[in-house]
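Peer 1: Protein chains in written order, with this note's numbering: chain R, 481 to 804; chain L, 9 to 299. Ideal Cβ placement from N, Cα and C applies to all residues, glycine included.
1. Could you have a look at residue 488 of chain R and say whether DSSP puts it in helix, strand or coil?
2. Within the 8 Å Cβ cut-off, does residue 116 of chain L reach chain R?
3. Who are the neighbours of residue 606 of chain R on chain L, taking C-beta pairs under 8 Å?
4. Could you tell me if residue 9 of chain L is buried or exposed, where buried requires 16 or more neighbouring beta carbons within 10 angstroms of its beta carbon?
5. What is the DSSP secondary structure of residue 221 of chain L, reduced to helix, strand or coil?
6. What's the gap between the Cα of residue 344 of chain L and the Cα of residue 53 of chain L?
7. Using the C-alpha atoms, what's the distance from residue 785 of chain R back to residue 485 of chain R?
8. Could you please give the first and the last residue of the uninterrupted alpha helix (DSSP H) stretch that includes residue 649 of chain R?
9. Rounding to the nearest angstrom, what Cα-Cα distance links residue 237 of chain L and residue 282 of chain L in this structure?
10. From the DSSP output, in three-state form, read off residue 509 of chain R for me.
11. Between which two residues does the beta strand (DSSP E) harbouring residue 137 of chain L extend?
12. Any beta-carbon of chain R closer than 8 Å to the one on residue 132 of chain L?
13. Please tell me whether residue 186 of chain L has its Cβ less than 8 Å away from any Cβ of chain R.
14. Which of the three DSSP states is assigned to residue 284 of chain L in this structure?
15. Should residue 631 of chain R go down as buried or exposed, given a rule of 16 or more other Cβ atoms within 10 Å for buried?
16. Beta-carbon within less than 6 Å of residue 748 of chain R's beta-carbon, same chain only, minus the 5 sequence neighbours each way: which residues are those?
17. In chain L, what lies closer than 7 Å to residue 443 of chain R by C-beta?
18. Between residue 736 of chain R and residue 728 of chain R, what straight-line distance do the alpha-carbon atoms span, to the nearest angstrom?
19. Count Cβ pairs between the stretch 614–622 of chain R and the stretch 540–554 of chain R that sit closer than 8 Å; are there 3 or more?
20. Of all the options R:514, R:546, R:533, R:518, which has the alpha carbon lying nearest to the alpha carbon of residue 708 of chain R?
21. Could you check if residue 599 of chain R is buried or exposed, using at least 16 other CB atoms within 10 Å of its CB as the buried criterion?
22. In the DSSP assignment, find the unbroken beta strand (DSSP E) run with residue 146 of chain L in it and report its ends.
23. Tell me, to the nearest whole angstrom, how far the beta carbon of residue 563 of chain R is from that of residue 777 of chain R; I am working on the premise that it is less than 8 Å.
24. Between which two residues does the alpha helix (DSSP H) containing residue 26 of chain L stretch?
25. Between the alpha carbons of residue 246 of chain L and residue 508 of chain R, how many angstroms are there, rounded?
26. In this structure, how does DSSP classify residue 728 of chain R when only helix, strand and coil are distinguished?
27. Quick check on residue 179 of chain L: does DSSP put it in helix, strand or coil?
28. Output the boundary residues of the alpha helix (DSSP H) element that contains residue 692 of chain R.
29. How far does the alpha helix (DSSP H) with residue 542 of chain R in it extend, from its first residue to its last?
30. With DSSP as the reference, label residue 191 of chain L as helix, strand or coil.
31. Using only alpha-carbon positions, find the residue among L:219, L:250, L:285, L:243 that is nearest to residue 126 of chain L.
32. 8 Å is my cut-off, CB to CB: does residue 763 of chain R come that close to chain L?
33. Looking at chain L, is there any beta carbon in it that lies within less than 8 Å of the beta carbon of residue 742 of chain R?
34. Please identify, using Cβ separations under 9 Å, the residues of the stretch 74–95 of chain L that lie next to chain R, in order along the chain.
35. Please classify residue 482 of chain R as buried or exposed, where buried requires at least 16 neighbouring CB atoms within 10 angstroms.
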């Protein structure tokens, strides 16, 4: 890690700390939801960008996290314990789902997760005694940290920011551990990775389960933030939106999901004047982006940057001989 | 018994329409490894083309022809040229994302430019119900079943008995060898996209009188087509046909015998079971690799 990078990250964190000061409640709320969608998208990025598997149930995992946390905190369990249970249960469900799907390659994980997300939605809607059906659950208490209540939106923002930084650090640590490097090997050249002794299936399965656990944490934050959850917030369409976030930002880049979440969560606020046309514009832009830069916005930025950098010119005289 | 016959017939009728969408889905997969997440919207949109045509003063049948031409152009040719072709070299993932975005784009555009309420759609078949061995059978169901079976049967004949059809199969199975043998692979892939658009139009015209034309119809239809294709076998047309029919029947059976609330859960459970026990699908052949 170069010094300039450390300075940039410190500046970024300082900006995140300063961002909500003096802002209205609504803006703070939007920023907080950006933080928690970033956490969720970071998890999906591990599955998609590093392990190369499409998961269409990230919103479903957020749903599991949100409902488990909501039910437990409403029953009086402290938030931290509830959140840990949420994360573990998402991890376990991820393992259970991924195990059969990853026996076969192709996009079977995508199919299984698609079915799972839809099933989960049905269960959340129909099991009214537990989940409150389509009326959802209301009035989840917000946690207090070291005796400081997070009832005000500003305090809760800092609480979410702390969770976000911790999970970003954990993600960074996972990715630079030998085990995380194995993911990159897997993505770049699976056959070579396997012949070097990596267990592809186990690696991918763990990546998916950990990615899902990040979704669980995001859900655990969402339920005290919104203080109202209903099945519709975790339907398939939201999983697709999360997937778009990761890809638009740049799958496989560490900061891709955060940028993508910013585009999806914050841009609608800036583009208010487009009214109903926002989604039309957005989806058209995604298609154009995919045509020109499948690496997402960060990939696009890198491409542009490389255009302007001095390059090593290859010897032209060698080229001709090569073509012969 | 009479009730069971009735359920079976309406299940098969609905299933045959799902099969149309599922067959198109598998065709695209075979020809260009495109997983089309916008397939449901592809079935939703032509109905609105018909409504636009009728709004321009055309009678029903010419309006359907108008919709077919528009679908072939937009959902077939333009989709292939503008979206799929530039993205194929990048692998499947960007294409998956692009089709998701395309589905969203089509849905939102219809909502903004045509309206969010369900539009009545003219029925093609007379709304009559006949009594048959105690079961009431509607002409619409029989008609839907007949039209979709004819379409799929015709497609199967075309693919197996004509030179062009054989060339299409060859390009799907091994594009490199087909190219060497003088098949114009690009054109064959284009034909596949056009066929998919035509199938989607037929499905749309058949299903819209039942469900009414609505911008959100694609969500359920896409999911069902998807499940049907996987259950039947991703690499076989007859697989998609069987998958579609099976889903239609199971859907109708579970609405009556299980519970209305969990009606849409049954196909999903079937999907998960199939992936667990027979990942290549009921009629599919193995093509899975370890890497």
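Peer 2: The relevant details are as follows:
1. helix
2. yes
3. 269, 270
4. exposed
5. strand
6. A question about residue 344 of chain L goes unanswered here, because the residues of chain L that appear run from 9 up to 299.
7. 17 Å
8. 633–656
9. 11 Å
10. helix
11. 137–140
12. no
13. no
14. helix
15. exposed
16. 758
17. Since the first and last residues shown for chain R are 481 and 804, residue 443 of chain R lies out of range.
18. 8 Å
19. yes
20. R:546
21. buried
22. 143–146
23. About 31 Å; that fails the 8 Å criterion.
24. 10–40
25. 55 Å
26. helix
27. helix
28. 680–706
29. 538–554
30. coil
31. L:219
32. yes
33. no
34. 90, 91, 94, 95
35. exposed
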